[in-house]
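Residue numbers (my numbering), protein chains in the order written: chain A, 1417 to 1838; chain B, 1417 to 1838. Glycine included, each C-beta is placed from N, C-alpha and C at the ideal position. Below you'll find the structure, written out as structure tokens, and then a few comments.
There are 2 protein chains.
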Amino acid sequence: MSARAGIVVTGTEVLTGRVQDRNGPWLADRLLELGVELGHITLCGDRPTDIEAQLRFLADQGVDLIITSGGLGPTADDMTVEVVSRFCGRELVLDAGLEATIADIVTRLMARFPGVDPGAVIAANRKQALVPAGAVILDPVGTAPGVVVPGSPTVVVLPGPPRELQPMWEAAAATDELQAAIAGRVRYQQETIRMFGVPESGLADTLRDAEKLVAGFDRLEITTCLRRGELEIVTRYEPQDAQAYAGLMDVLRDRHTHELFSTDGAFVDDQVADLLTGRSIATAESCTAGLLAARLTERAGSSAYVAGGVVAYSNKGKTELLGVDAALIARHGAVSEPVAEAMAAGALRRFGADTAVAITGIAGPGGGSTDKPVGTVCFSVALADGTGITRTTTLPGDRSDVRERSTTVAMHLLRRALTGQG
Amino acid sequence: MSARAGIVVTGTEVLTGRVQDRNGPWLADRLLELGVELGHITLCGDRPTDIEAQLRFLADQGVDLIITSGGLGPTADDMTVEVVSRFCGRELVLDAGLEATIADIVTRLMARFPGVDPGAVIAANRKQALVPAGAVILDPVGTAPGVVVPGSPTVVVLPGPPRELQPMWEAAAATDELQAAIAGRVRYQQETIRMFGVPESGLADTLRDAEKLVAGFDRLEITTCLRRGELEIVTRYEPQDAQAYAGLMDVLRDRHTHELFSTDGAFVDDQVADLLTGRSIATAESCTAGLLAARLTERAGSSAYVAGGVVAYSNKGKTELLGVDAALIARHGAVSEPVAEAMAAGALRRFGADTAVAITGIAGPGGGSTDKPVGTVCFSVALADGTGITRTTTLPGDRSDVRERSTTVAMHLLRRALTGQG
């Protein structure tokens, strides 16, 4: 027995790609945690016929649960609740209590916009108080309420803004109606490991061998993907197949000793964050222009070990703020290992840090040459004890790829330097 | 008459949200440019039955064109071509020329990975040379070829990595087979405008009035969405309805004079980039820790006007690198308008720039207080002529929302300062 779900993401702005959907992936994670198998995510515009066709498709696939996102706003192009009611064969009824709640929220919200007449806005929001008869109402986090419509499939209707959808999903998941719909769920094991420096084909080769070497290999659901220059391998299996997974891990460890950097799903960011505990790091960035500093501070609490950084985009910035010798730049060029090392040393000094990373490269599209093509990036990690790593790599892709990948390479060099693998 | 398309994005890593799909949105834009109406985007894992069900669903919706992305790799979980062949009722045939091309590419690629045996990898890639009989082959950009399978619907099979998919789509679009499939396309007008500082409900109110005031309003397909704190309004219409759009614009200009900042779809980033031509800008960032500098340098050629920046995450960084008076921080706190102004002044001096932006705030989750809750961010824009803008706002959302939105607010303050709207 198992429970299967589908997700319907509505909104012309999402379908046409003007806004990237964050709800499908986020809901997928939640379903996985619950042990509900996600079969399909479908996106369509604000067209009733398309929304209804997708609901029908998912129902035909035999899913136990459908979650919709978007189309709950006050504008005329928002009509998900209406479509879902029809699909579930329930009439729309005005919920007086809900109408009052919404009026309340809107009045408070409008205080921030003196130019707008609350009365008109409340009228605009009235349609948001219409819900399918017999549905469970999910209180609004923004102005739009959600609903859980029991039945098979059970349909959960959530708003589009992630900040509203996420807490409202938690509320939906707690309802008896939803729990009943996913009663058949199976709790799978899922393990994630990560490698850096292995091509996907090389891994494919290894997995084909593992298939012969590992008993029960066929009961492991393995998916691999290249992500930000790293290889992510996710394996799903039922608890009784733990032995097979252990066997797979032995093969992977044996074949990719140096490339396998995470066996518990931890990102290099997590590992670096741990390694930086009690330390003080400074960055010196040219082509990445702050992306590495921003990445190092994504985590709450990073202020404990991130001192700061310099974005030295111009040569003047390199000399003035990082004390890089202008003659050194003249001799080797701004994109060179000596300059990367001088930038790292400057960052150490400037911030009184014990760890520094410098990045200088050619992100493109312009600025490349035959000996230093677009994608050439020099890295230098310097530690207060005088140890460190300096490397030059040529990264593939466009300007934003090169900039983003550079931060990944820097994180790995940082990890190696801090674990003494310089 | 018209042409309609659907997109099937495959890959368990995308379905489960471990990787964000970039292909659906990108292909959606290309179809829009072509005048092809996109009905649905569907995502599923690497399961043949799910992929086939989605192809069937789209065919049942009567689309003229289906584009698939992903599942062309060498690993066993990549099987899109096989499924599409079956769906189109064509047998898989090994293309000898293609096999040679792939072997070639792999051999060159493997040179970068000394540890790996090319022979094994070439064998691993052989399955990528199997194509549906009668299909047009799209040469690989990575190692995976694509195909265009004529018929109704015509199916275009593309690889998952955006860097490979994008040029291969251009090749597919140029084929007679694809042009024949979308012969019925209609070229719509599409106009995009942007507002900053208007709630979505306020706009809904305006649009309801426009419905009464503007002749032909009902022939305009208007979609609105809140994006990075800005309101984006996209209107699609057939060329003969240009008058109606002009009428809508009059109403919007009249109602939202100060909030309407873009009538040609330009992003605030484009406008700021233009305004910075011939100038030199420096940043001083605390809570955003480099995100603004990174945003200012996203565009090629930004090195002409971006001098650099300081990520002053610690107070020491603020005093040492930006010359902010420690007493000022002690008196007003690091998150205060006086400190933001001192940071901006410091950035101007340090980089000898004529334009500077400083951001200091509380991104959370910790660090908030009753008078300065999480989301409190102080901004200061300083120009060499002594003019500038200093503002404090309280931004909603989690740590990453606050950090990202702060860069949007900063861009708008920059735009205002540079257009003398201080």
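The beta carbon of G1780/B is closer than 6 Å to those of V1790 and R1815 in its chain, skipping five residues each way along the sequence. With fewer than three CB-CB distances shorter than 8 Å, the segment 1565–1585 of chain B does not count as touching the segment 1531–1540 of chain B.
Taking F1503/A as the centre and dropping the five residues before and after it, the same chain places the C-beta of E1468 and L1471 closer than 7 Å to its C-beta, in chain order. V1751/B is a Cβ neighbour of I1778/B, given a cutoff of 9 Å.
Listed along chain B, the residues sitting closer than 8 Å to P1490/A by beta-carbon distance are E1616, S1617 and A1620.
V1688/B and T1823/B have their C-alpha atoms roughly 12 Å apart. Per DSSP, reduced to three states, the secondary structure at Q1837/B is coil, with no helix or strand assignment.
Here G1558/A is not near P1534/A, since their CB atoms are 9 Å or more apart. Contact between the segment 1503–1515 of chain B and the segment 1433–1448 of chain B is absent, with fewer than three C-beta pairs closer than 8 Å.
With a threshold of 16 other beta carbon atoms within 10 Å, K1628/A falls short and is exposed. Across the set T1496/B, G1455/B, D1494/B and A1700/B, the C-alpha of G1455/B shows the shortest separation from the C-alpha of Q1477/B. Within 10 angstroms of the beta-carbon of V1602/B lie fewer than 16 other beta-carbons, which makes it exposed. In the structure shown, I1598/A falls within a coil segment according to DSSP collapsed to helix, strand and coil. Non-local beta-carbon contacts of E1515/B in its own chain, meaning distances under 7 Å to residues more than five positions away in sequence, involve R1542 and A1545 in chain order. When C-alpha distances from A1833/B are compared across L1799/B, S1730/B and G1813/B, the shortest belongs to L1799/B. DSSP, reduced to helix, strand and coil, places R1635/B within a helical segment of the structure shown. Between the alpha carbons of V1740/A and A1760/B lies a gap of roughly 23 Å. The residue from L1510/B, R1434/B, N1439/B and V1435/B with its alpha-carbon nearest to that of G1422/B is N1439/B. Under the Cβ criterion (8 Å, minimum of three pairs), the segment 1481–1495 of chain B counts as touching the segment 1612–1630 of chain A. Close to chain B, meaning a Cβ-Cβ distance shorter than 8 Å, are the following residues of the segment 1788–1818 of chain A: P1812, G1813, D1814, R1815, S1816 and D1817. Looking from the CA of A1758/A, the closest CA among N1731/A, G1461/A, G1783/A and G1784/A belongs to N1731/A.
For the pair R1695/A and D1770/A, the CB atoms are nearer than the 9 Å cut-off. In terms of beta-carbon proximity, M1526/A lines the interface with chain B, with at least one pair separated by less than 9 Å. A check of alpha carbon separations from D1480/B across D1462/B, A1720/B, L1594/B and L1448/B identifies L1594/B as the nearest. Listed in chain order, the beta strand (DSSP E) runs fully inside the segment 1779–1826 of chain A are 1792–1799 and 1804–1810, counting runs of at least 3 residues.
Unbroken alpha helix (DSSP H) stretches of 4 residues or longer found wholly inside the segment 1682–1715 of chain A: 1684–1691 and 1707–1712, given in chain order. Closest by C-alpha distance to L1554/A, out of P1578/A, M1584/A and V1565/A, is M1584/A. Three or more pairs of CB atoms, one per stretch, sit closer than 8 Å, so the segment 1701–1712 of chain A contacts the segment 1708–1724 of chain B. Nearest in C-alpha terms to T1432/A, of all of T1810/B, D1437/B, T1673/B and L1691/B, is D1437/B. W1442/B belongs to the set of residues whose beta carbon lies under 9 Å from a beta carbon in chain A. As DSSP reads the structure, I1518/A sits in no beta bridge. Chain-ordered listing is empty here: chain B has no CB closer than 8 Å to the CB of T1496/A, the nearest sitting near 14 Å. With its beta carbon less than 9 Å from one in chain A, T1699/B belongs to the interface.
The beta-bridge partner set that DSSP reports for V1773/A consists of T1699/A and V1797/A.
Residue pairing by DSSP places I1745/A in no beta bridge whatsoever. Interface with chain B (9 Å Cβ-Cβ cutoff): K1732/A is included.
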